[in-house]
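Residue numbers (my numbering): 13 to 246.
Working notes, structure below.
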Amino acid sequence: MASPYPHYAWATGHFILLLCSMRYLLAWVTFKSSAYEIWYRSAFTGAIVSYAIVVYKSLGTPQPNPAYFKKALADENFQYFLLALFWWFTKPVSRQGEAARAPAHPLAKSIHTWVKANYDGAMRSVAWAELVILVRVALGAVFGIIPFIKFSMKNSFLAPLVFAQFLRLRYYYSAFTRTVVQNADTLITNYVNQPSAPPALKQAWGPVRAAITKYGASVIEPAQPAAGAAGARR
């Protein structure tokens with residue numbers, strides 16, 4: 013019989029994440045978040061614990077080899093585990109995406125039933141939220157390197173780079189993220205192509221869109237060798 017303790021630890025991590033996220037959100041709404049950074053760290057500690065247990069149960073004991081890492085990168089829970097680690101080591105920004113995925117343990121069964129019934133809508137909402145977070149941290153990084161601009165929610169330049177790579181993984185492995193990115197692309201392109209849109213915006217969107225497309229289309233998994241080439245090396 014499997015030990016129940018990993019499940020208890022997983023549920024405790026979720027509960028800590030939800031409780032601390034709500035407390036930190038309340039502090040942020042009342043402009044007191046700087047005094048409650050411990051709640052921010054505690055929230056992502058709960059996320060790290062929960063995701064670590066799920067990743068261990070799905071992938072087994074970590075192995076120091078490329079095959080395990082490749083398999084882990086394709087796992088949604090491992091992607092969010094890495095993101096939680098990054099946010100834990102990062103100065104708090106105005107909004108994070110992990111709390112939306114964390115049901116409290118006393119309501120776990122009922123929430124799980126609700127999530128199953130509304131899974132597609134919930135995952136689309138998460139995908140849209142992640143796009144908004146990318147824009148937010150990108151703006152925070154840009155304003156962070158301009159000393160004469162007062163922007164209270166500055167963040168490091170590393171944050172958008174890491175989060176962009178996370179979204180690239182989500183785009184590669186998640187149909188919901190691909191759909192949301194395509195919808196956002198359509199909305200922006202349609203707006204930019206309107207006659208009333210500023211010409212400068214039209215000129216800027218083309219190169220930006222091409223750069224994003226090139227970055228997102230780059231291969232994540234290494235290409236498999238051709239059959240002839242594989243045979244020649246034998």
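No residue lacks a Cβ here, since even glycine has one placed at the ideal position from N, Cα and C.
All values reported here derive from a predicted model rather than from experimental measurement.
Simplified DSSP assignment, three categories, for residue i
i: T73; result: coil
i: A242; result: Bear in mind that a pLDDT of 42 at A242, under 50, signals an unreliable position, so the model cannot answer this.
i: S137; result: helix
i: T125; result: helix
i: S15; result: coil
i: P172; result: helix
i: T24; result: helix
i: P104; result: coil
i: P207; result: coil
i: T42; result: coil
Beta carbon of residue i nearer than 8 Å to that of residue j
i: C32; j: S62; result: no
i: F178; j: R136; result: no
i: N167; j: V149; result: yes
i: F90; j: A84; result: yes
i: I171; j: A153; result: The question names Ile, yet the displayed sequence has Ala at residue 171. Yes; because the gap between Cβ atoms is below 8 Å, this pair is in contact.
i: F56; j: W99; result: yes
i: G218; j: R180; result: no
i: A212; j: Y203; result: no
i: L146; j: F175; result: yes
Cβ-based neighbour list, residue i, same chain, cut-off 6 Å, excluding 5 preceding and 5 following
i: W22; result: S62 and I65
i: R182; result: T189
i: A139; result: F188, T189 and V192
i: V67; result: N89, F90 and F93
i: R35; result: W51
Other residues of its chain near residue i: CB distance less than 7 Å, five sequence neighbours each side excluded
i: E49; result: P104
i: A86; result: Y185
i: S70; result: D87 and N89
i: Y20; result: none
Opening and closing residue of the alpha helix (DSSP H) in which residue i lies
i: A196; result: A187 to V204
i: N89; result: E88 to F101
i: P219; result: P211 to A229
i: K166; result: Counting along the chain, K166 falls outside any alpha helix (DSSP H), and DSSP gives it neither H nor E.
Contacts around residue i, its chain only, beta-carbon distance under 8 Å, and the 5 residues preceding and following it disregarded
i: N205; result: K214
i: I224; result: none
Any chain C beta carbon closer than 8 Å to residue i
i: L37; result: The structure shown has no chain C; it contains just one protein chain.
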